[in-house]
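A.B. asks:
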Amino acid sequence: MEIQEYKPGDENEILKLFQKTFGKSMSKEYWNWRFLQNSYSSKPLIHLMWDGDNLVGHYALSPVMFKINEDFHLGALSMTTMTDPDYNGRGIFTTLANSLYSEIVEKHKFDFVYGFPNNNSHRGFIKNLRWKDIEIIPSFSVLNSKQISDLKSQSSNLPLLENLKENNIIRYNNLIEDYNIYQFKNLDYINWRYIQNPIHKYYILGNSDYDFVIYKIFKNSDSIEIDIVEWCIPDDFDKVVSVLNSILKECDKGIKKINLWIPLKDKRHLDLERIGFSYTLPVTYLGFLDLKNINLELNSYSWYYQMGDSDVY
2 MEIQEYKPGD ENEILKLFQK TFGKSMSKEY WNWRFLQNSY SSKPLIHLMW DGDNLVGHYA
62 LSPVMFKINE DFHLGALSMT TMTDPDYNGR GIFTTLANSL YSEIVEKHKF DFVYGFPNNN
122 SHRGFIKNLR WKDIEIIPSF SVLNSKQISD LKSQSSNLPL LENLKENNII RYNNLIEDYN
182 IYQFKNLDYI NWRYIQNPIH KYYILGNSDY DFVIYKIFKN SDSIEIDIVE WCIPDDFDKV
242 VSVLNSILKE CDKGIKKINL WIPLKDKRHL DLERIGFSYT LPVTYLGFLD LKNINLELNS
302 YSWYYQMGDS DVY
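Quick note: to get the working numbering, add 1 to the position in the sequence shown (first position is 1).
(1) Out of 2, 98, 178 and 77, point me to the one whose CA is closest to residue 54's CA.
(2) Would you tell me roughly how many angstroms separate the C-alpha atoms of residue 178 and residue 24, rounded to the nearest one?
(3) Report the rounded CA-to-CA distance for residue 41 versus residue 190, giving the unit in angstroms.
(4) Quick check on the burial criterion: 16 or more other C-beta atoms within 10 angstroms. Buried or exposed for residue 239?
(5) Please classify residue 295 as buried or exposed, where buried requires at least 16 other C-beta atoms within 10 Å of its C-beta.
(6) Where does the unbroken alpha helix (DSSP H) through residue 184 begin, and where does it stop?
(7) Excluding the 5 residues preceding and the 5 following residue 242 in the sequence, name in chain order all residues of the same chain whose CB lies nearer than 6 angstroms to its CB.
(8) Using a Cβ-Cβ cutoff of less than 6 angstroms, which residues in the same chain neighbour residue 1 once the five nearest sequence positions on both sides are dropped?
(9) Secondary structure at residue 273, three-state DSSP: helix, strand or coil?
(10) May I have the straight-line CA-CA distance separating residue 213 from residue 263, to the nearest angstrom?
(11) By how many angstroms is the C-alpha of residue 148 removed from the C-alpha of residue 141?
(12) Could I get the ranges of all uninterrupted alpha helix (DSSP H) runs contained in the region 152-177, with 4 residues as the minimum, in chain order?
(13) Using 8 angstroms for Cβ pairs, my map puts residue 307 next to residue 231. What's the rounded Cβ distance?
(14) Considering Cα atoms alone, identify which of 198, 215 and 193 is closest to residue 173.
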């Protein structure tokens, strides 16, 4: 078997491996958006394991800009891990990851790798790749939308927006200034991540104070769930109620659950608790690998995260 860097045209075999590994398809359009259109990298950060002409392993990273103690650092989000089921147990994932980590240190300017492993992959990242745990992240959810609709707010409902403005980004940064580590999101990133996403529809609500939320509607056969991927709302109970009622107004009836991620340290956590939000499944992990000894203060009280920071949502 042989490790190779991605080269144009490999995506055809990558999509076939995705189908074989996960039992579902990934569109070429989505692949192009995720791996070719990221403004922080000139080429996809992907290493592949080949057995002759057969692609049997895949590991990818996605560039993400972070602000850490007032300085900018380029991080790499750990993404799609795939091994041909016929080749399980041969250490392909660990081999590919170490190979790709070496490349981004030697050839690029990345300072760290991070990601959101699930229960299936967490052990491998910690034991085999020397990642460090930062946080366990449960969903923070309200299960009864009537709890929200029964609450009254003096603030007006937030209208739907087609896009955000620079003042929204300033507002976002002001709300999380107490954190030492967070993903830096400018308008280009927001447009790429949400508005240009080729397969998921995201909705933006905002007001004249430049508060905003971005959410996605998830429907299955018998219920509707809302995933709030960006929560740019201040520590103001009345505004929190107004935002949640605005979401309910825009969505169909039958909402079973509203979900988001928010650190326990965050003052806004208490506003959501008061409404009825509590921890639920699924649970994910936040992990980190320091590539250049930048010696971060690694704990959940220094790192700000939201659902949209993960590629899953």
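Note that the Cβ used here is the ideal one computed from N, Cα and C, for glycine as well.
C.D. replies: Let me lay it out:
(1) Translated into positions along the sequence shown, residue 54 becomes position 53. That would be 2, whose Cα lies nearest to the Cα of residue 54.
(2) Numbered from 1 along the sequence shown, position 177 holds the residue referred to as residue 178. Numbered from 1 along the sequence shown, position 23 holds the residue referred to as residue 24. For the pair residue 178 and residue 24, the Cα-to-Cα distance works out to about 42 angstroms.
(3) The residue labelled residue 41 in the question sits at position 40 within the sequence shown. The residue labelled residue 190 in the question sits at position 189 within the sequence shown. Straight across, the Cα-Cα distance linking residue 41 with residue 190 is about 10 angstroms.
(4) Within the sequence shown, residue 239 is the residue found at index 238, counting from 1. Residue 239 should be labelled exposed.
(5) The residue given as residue 295 occupies position 294 in the sequence shown. So residue 295 counts as exposed.
(6) Stepping through the sequence shown from its first residue, residue 184 is reached at position 183. Run containing residue 184: none in the alpha helix (DSSP H); it sits in the beta strand (DSSP E), 182-184.
(7) For the purposes of this step, residue 242 is taken as residue 241 along the sequence shown, with counting starting at 1. Residues 152 and 154 of the same chain have their beta carbon placed closer than 6 angstroms to that of residue 242, with the five preceding and five following residues left out of the count.
(8) Because the chain is modelled from 2 through 314, residue 1 falls outside the range shown and cannot be assessed.
(9) In the sequence shown, counting from the first residue as 1, residue 273 sits at position 272. Assigned with DSSP and collapsed to three states, residue 273 falls in helix.
(10) Here the question's residue 213 lines up with position 212 in the sequence shown. Here the question's residue 263 lines up with position 262 in the sequence shown. Taking the straight line from one Cα to the other gives about 15 angstroms.
(11) Residue 141 sits at position 140 when you count from the first residue of the sequence shown. Residue 148 sits at position 147 when you count from the first residue of the sequence shown. Rounded to the nearest angstrom, the two C-alpha atoms are 15 angstroms apart.
(12) Listed in chain order, the alpha helix (DSSP H) runs fully inside the region 152-177 are 167-176, counting runs of at least 4 residues.
(13) Working through the sequence shown from its first residue, we reach residue 307 at position 306. Working through the sequence shown from its first residue, we reach residue 231 at position 230. The pair is a contact, with the Cβ atoms about 6 angstroms apart (cut-off 8 angstroms).
(14) Here residue 173 refers to the residue found at position 172 of the sequence shown. Answer by Cα proximity: 215.
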